[in-house]
Amino acid sequence: MPAPTQARRAAPAARVLAWLCALALLPLLAWADRALSDHGALGWERNAVRGGLAKLAKQPDASGVLLLGSSTSRDFLRMAWLAAQFRVAPAEAVDGHINGCHQGCTWAEVRRLLAEGRHFEVAVFGVNLLQMCEHAHSKRVLQHRLLLPRGETLSLWRHYLRAEAPLRYVARSIFGAVSETYADTTSVQTRLREALWDKPRRGQEHRWYRRDRPATTRIRTCDYEPDAVAYKLGLTAAILDDLERLADRSYLLLLPDQSLSVEEPDVQQAWARHREAMAALTEARPWVRLVDLTGDGPWTAERFRDGVHLSRRSYARQRRQLARELDRVDREAPGDRP
67 MPAPTQARRA
77 APAARVLAWL
87 CALALLPLLA
97 WADRALSDHG
107 ALGWERNAVR
117 GGLAKLAKQP
127 DASGVLLLGS
137 STSRDFLRMA
147 WLAAQFRVAP
157 AEAVDGHING
167 CHQGCTWAEV
177 RRLLAEGRHF
187 EVAVFGVNLL
197 QMCEHAHSKR
207 VLQHRLLLPR
217 GETLSLWRHY
227 LRAEAPLRYV
237 ARSIFGAVSE
247 TYADTTSVQT
257 RLREALWDKP
267 RRGQEHRWYR
277 RDRPATTRIR
287 TCDYEPDAVA
297 YKLGLTAAIL
307 DDLERLADRS
317 YLLLLPDQSL
327 SVEEPDVQQA
337 WARHREAMAA
347 LTEARPWVRL
357 VDLTGDGPWT
367 AERFRDGVHL
377 SRRSYARQRR
387 QLARELDRVD
397 REAPGDRP
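According to the numbering used here, the stretch in the sequence shown is residues 67 to 404, in order.
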């Protein structure tokens with residue numbers, strides 16, 4: 067049996083050896099992470115962005131109509147229909163939507179298109195009430211990183227300063243720069259948090275990032291409190307500002323969601339504030355026209371797949387309403403539709 071002094075000497079030596087082994091593994095882990103990050107078939111959220119970029123790359127010279135936003139903007143529209151509506155050739159209609167692409171993602175995509183020298187006759191971008199609150203998710207920051215041109219990270223971080231938890235966004239941005247694999251894997255992040263800091267107690271999950279429990283409702287919505295919408299409002303304004311250079315004329319679609327059917331006063335007030343905010347943004351920017359698609363109610367559950375995305379049986383009805391509203395706003399605005 068070794069003497070106590072020998073055992074004490076052996077313990078530090080074993081720790082040093084363990085650290086050396088860990089350091090030796092770092093290059094291998096870095097290589098594996100890079101290989102996974104660059105792999106074209108791995109990573110759901112990365113592939114959603116890459117798929118969107120691939121669609122844009124297939125039409126490098128198209129300059130007719132550009133559709134931006136998330137699947138809520140795209141689901142009910144056919145690109146051939148949109149081309150006919152704005153009297154351009156079908157090949158000139160560009161589908162720039164990306165799944166789950168909220169305002170930060172759309173702003174980054176617009177900045178990328180500007181950096182590439184693209185220009186369009188018309189840009190169309192849609193947003194609903196739900197999308198005005200943050201609904202933080204790791205994929206949002208990953209989208210920003212994959213889309214934003216080099217050298218604009220500080221501009222992005224300035225937008226993050228308006229968020230409810232700015233440091234969380236900045237930290238995700240930094241970790242995403244180090245490892246896209248980590249940025250694309252929410253489950254891995256969750257396990258790492260639990261391994262480092264233990265599982266939060268049931269009902270206390272919100273304590274990772276805020277003191278008070280967020281309010282929950284049966285139908286997902288946004289309360290439109292100033293702190294809750296400051297980040298997305300700032301990004302929406304930035305998108306509309308940049309659209310002045312990206313397109314000759316732009317349309318902001320005010321999209322419905324199922325919370326329109328909720329009769330509680332606070333939800334109705336949130337919708338009123340949303341309409342007022344979007345109207346103020348567009349009135350200050352004459353190159354943008356507001357198209358309100360929320361008036362053709364009632365917005366019952368049957369008209370939605372999940373409370374946000376329209377059901378297929380509602381697509382044609384929504385296109386008809388869009389055509390009517392486009393005609394109306396174009397008649398009221400000076401100039402002819404392109």
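Note that beta-carbon positions come from the ideal geometry of N, C-alpha and C, so glycine has one too.
Could you give the residue range of the beta strand (DSSP E) that holds residue i?
i	result
Leu134	131-134
Phe241	First-last for Phe241: 232-244, but that is the alpha helix (DSSP H), not the beta strand (DSSP E).
Ala189	186-193
What would DSSP say about residue i, mapped onto helix, strand or coil?
i	result
Tyr290	coil
Asp362	coil
Arg355	strand
Leu405	As shown, the chain starts at 67 and ends at 404. That puts residue 405 outside it, with no answer to give.
Leu89	helix
Gly170	helix
Ile164	coil
Ile305	helix
Asp396	helix
Val328	coil
Leu347	helix
Looking at the ligand ZN, does it come within less than 7 Å of residue i, judged from the CB to the closest heavy atom?
i	result
Leu301	No copy of the ligand ZN appears in this structure; indeed no ligand is present at all.
From the options, pick the residue whose C-alpha is nearest to that of residue i; which is it?
i	options	result
Ala389	Ala120, Ala88, Phe142, Leu122	Phe142
Leu301	Val154, Leu86, Arg144, Ala174	Ala174
Asp396	Arg315, Ala343, Ala382, Ala202	Arg315
Ala294	Cys199, Val374, Ala189	Cys199
Arg116	Leu214, Ser139, Glu349	Leu214
Arg216	Tyr290, Ser245, Leu233, Leu180	Leu180
Thr360	Ala399, Trp353, Arg369	Arg369
Asp393	Leu318, Asp308, Val357	Val357
Gly166	Ala123, Asp372, Ser136	Ser136
Trp110	Ser245, Asp250, Leu220, Phe191	Asp250
Gln125	Arg153, Glu158, Ala231	Glu158
Val207	Ala237, Thr366, Gln197	Ala237
Ala367	Trp85, Leu233, Gln387, Gln324	Gln324
For residue i, list the residues DSSP reports as bridge partners.
i	result
Tyr248	In DSSP, Tyr248 forms no bridge with anything.
Leu376	Phe370
For the alpha helix (DSSP H) containing residue i, name the first residue and the last one.
i	result
Val160	Where Val160 is concerned, there is no enclosing alpha helix (DSSP H), although the beta strand (DSSP E) it sits in stretches over 159-161.
Glu111	110-123
Leu208	204-213
Ser316	No alpha helix (DSSP H) contains Ser316, which is instead part of the beta strand (DSSP E) from 313-320.
Asp323	Note, Asp323: premise wrong, no alpha helix (DSSP H); not H, not E.
Arg277	Here Arg277 belongs to no alpha helix (DSSP H), and DSSP marks it neither H nor E.
Arg224	219-226
Who are the near neighbours of residue i in its chain, counting only those whose CB is closer than 7 Å to its CB and skipping five residues on each side?
i	result
Trp337	Leu195, Leu326
Gly192	Gly135, Thr138, Ser139, Leu319, Leu321
Leu212	Arg112, Val115
Arg403	Confidence in Arg403 is poor, its pLDDT being 47 and thus under 50, which makes the residue's placement unreliable; the coordinate value appears in the next sentence. Taken in chain order, the residues that qualify are Phe152, Asp396.
Going along the chain, which residues of its own chain have a beta-carbon closer than 6 Å to the beta-carbon of residue i, five neighbours each way excluded?
i	result
Ala304	Trp173
Pro156	Ala146, Ala149
Arg41	Because residue 41 is not part of the residues shown, which for the chain are 67 to 404, the question remains open.
Ser380	Arg369
With a CB to CB cut of under 8 Å and the five nearest residues on each side skipped, what residues in its chain are close to residue i?
i	result
Ala399	Arg355
Thr348	Leu306, Leu318, Val354, Arg355, Leu356
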